[in-house]
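Heads up: the protein sequence lines correspond to chains A and B, in order.
Quick note on the numbering used here: the first sequence kicks off at 462 and runs consecutively.
Quick note on the numbering used here: the second sequence kicks off at 15 and runs consecutively.
Below is one structure, written out as structure tokens, with a few remarks after it.
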Amino acid sequence: MKLVYRSVSLLALCFVMAPGPCTGSPSSEAAVSTLPSDEANSMAIAMESSEPSGGETPSESLPPAPPADREDEPVQTFMTEVPPQSSQPEEPAAAAADPLEPVNRAFFHFNDKLYFWVLKPVATGYKAVIPEDGRIGVHNFFSNVTTPIRLVNCLLQAKFKAAGNETARFALNTTLGIAGFFDPAKKTFKIDKQEADFGQTLGIWGIGTAFYIDWPILGPSNVRDTVGYVGDLFFDPRTYVAYYFLIAEIVNTGTWALDKVNETSLTLGEYENLKKAALDPYIALREAYSQYRQNKIRK
Amino acid sequence: MNLTYFRRGLVLLLLVFGIALPGWAGEPTDEIKQTTDKILSILTNPSLKGSSKTAEREKLIRQAIDERFDWEEMARRSLARYWDQRTDEEKKEFVRLYSDLLERTYMDKVEGYSGEKVTYEGESVDNGYAVVRVKIVTKKNTDIRVHYRLKRIENKWLVYDVSIEGVSLVNNYRTQFNSIILKSSYENLVKRLRERVEPE
């Protein structure tokens, strides 16, 4: 869910500006610009645009995506009043189906408290102790470790080039990147991470989301993506850590918790931004999540 | 003879205007960059640094944003079917509250920018509407795709929606507003907006 918090609060930043001075290139070229670094804070900009589900921190583990059929839903109630957007390929679909709204709202409230009372204090303390480079390293490590999830799902989606990229990234980052703490694959070789998860795969196969669910602890999802989350657990190496250690569940939970706290420490402030920006944060989150997932499938 | 010259002149004229026309409105990407540059220069201006200058900085940033964003269009799209039912007074008030909300909420994000790399990935223009695609690379080396949607209004390109990784600002608020109005009323929505925007 970090993804969605980030995307919504990033909405903020990008809404206000697309940072980066024009370095003189015409619009037809991609102009790269870097601004002087100010003191880094928990910028919403740090968005995990692609973290596979399956075992990763709750927030990101459940990717619901309004499926293709959602776009066929009668959306006249919304759309008739909105002027035609001629060059707008991404026409908004109707609001996410949410028959369990009262229950979801209760879980949302629970997650809200969990964040402010538990996760945020722990992550803030963790952040104070571990420097950012270290935390990014941990992030990279977990990202590298979950390569099988992305690899398998790329194959299932018949994205063979992407699967190749993931394999290359894994090889490079595990060796040159020292067990995955660094990401030379992206920095030096410019191979981007290919996001893929089973919920996305199911969506591409045409399976609908059914309806929205906001799981306690795990965060926003939908029926399809919950199935996807469970499916991805089979390919998540972290699930199998337990087999090789006798203190199975403790290690598993510990790994999961570390990942969760680490991710949160890198994205502190995003959830707060979402709440601050929204009149109804529950709906803001639900819609952001749904649209985000829909976008993942469309691509 | 006269006609030939005339025709030649006409062709020349058409040629000139044909090339110049897109330039009148300015490439959408260029206009986005202009605003960005402006905001950036405000943020990096040494004479405006520090908390004592916050109000002045924010005022300047707000001005820069106001030039680029079409608040009324955004408000109209966010209210959707409820827009037409509003009186002119209500519409004005709503646009004011809505733009205040967005500006307030996001002002600190602007100030929190810390050197993320941004590339302009391209644009598409179609009949007075445009999409400018931007990619932001975060500290964690993840890519974020942002789309600005613009509409040409009298030779300027103004933004009426921003979507990040497929999440559209206008859509997000539209769903929220719709839910609030359905559950209570438009008046309640305005009340909630006021509370958020004018707590002081």
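Just so you know, even glycine gets a beta-carbon here, dropped at the ideal spot from N, CA and C.
The structure presented is a predicted model; accordingly, all values stated were derived computationally and were not measured.
Within 7 Å (strictly less), CB to CB, does residue i reach chain B?
i	result
Y753/A	yes
K588/A	no
K622/A	no
I744/A	yes
H600/A	yes
N626/A	no
I597/A	yes
A640/A	no
A584/A	no
N756/A	yes
K721/A	no
E731/A	no
Once the 5 residues before and after residue i are set aside, which same chain residues still bring their CB inside 6 Å of it?
i	result
T101/B	none
A692/A	In the sequence as displayed, the identity of residue 692/A is Gly instead of Ala. The residues are F659.
R91/B	V184
P42/B	E137, A144, V146, L164, W171
R82/B	T49, V173
A94/B	R188
Please confirm if residue i has its CB atom under 7 Å from at least one CB of chain A.
i	result
V211/B	no
G64/B	no
T189/B	yes
V181/B	yes
L35/B	With a pLDDT of 44 at L35/B, under the threshold of 50, the modelled position of that residue is not reliable, and the figure given next carries that caveat. Not an interface residue.
N202/B	no
K73/B	no
K154/B	yes
T119/B	yes
N186/B	yes
Residue i by DSSP, collapsed to three states: which one?
i	result
G136/B	strand
L164/B	strand
I178/B	strand
Y143/B	strand
K241/B	No answer is possible for residue 241/B: the residues shown for chain B start at 15 and end at 214.
K205/B	helix
K149/B	strand
G131/B	It is Lys, not Gly, that sits at residue 131/B in the sequence shown. Here K131/B sits in strand by DSSP.
Leaving out the 5 sequence neighbours to the left and right, which residues in its chain are closer than 7 Å to residue i when beta-carbon positions are compared?
i	result
S182/B	D175
L778/A	Nothing can be reported for residue 778/A, as the shown portion of chain A is limited to 462 through 760.
For the beta strand (DSSP E) that contains residue i, what are its first and last residues?
i	result
Y743/A	That residue, Y743/A, is in no beta strand (DSSP E); its alpha helix (DSSP H) goes 742 to 759.
With respect to the alpha helix (DSSP H) encompassing residue i, which residues constitute its N-terminal and C-terminal limits?
i	result
Y587/A	581 to 590
A558/A	Looking at the DSSP string, A558/A is not in any alpha helix (DSSP H), and its letter there is neither H nor E.
S604/A	593 to 606
F728/A	Residue identity check: residue 728/A is Thr in the sequence provided, not Phe. No alpha helix (DSSP H) holds T728/A; DSSP gives it neither H nor E.
T189/B	183 to 197
Tell me which same chain residues have a C-beta within less than 8 Å of the C-beta of residue i, skipping the five on either side of it?
i	result
L62/B	I56, E70, R71, L74
N572/A	D675, P677, I678, G680
Q | 3 or more residues per run - each beta strand (DSSP E) lying fully within the stretch 615 to 697 of chain A | A | 673 to 676, 680 to 683
Q.
Could you tell me which whole alpha helix (DSSP H) segments of length 4 or greater appear in the stretch 36 to 99 of chain B?
A. 42 to 58, 68 to 82, 85 to 93
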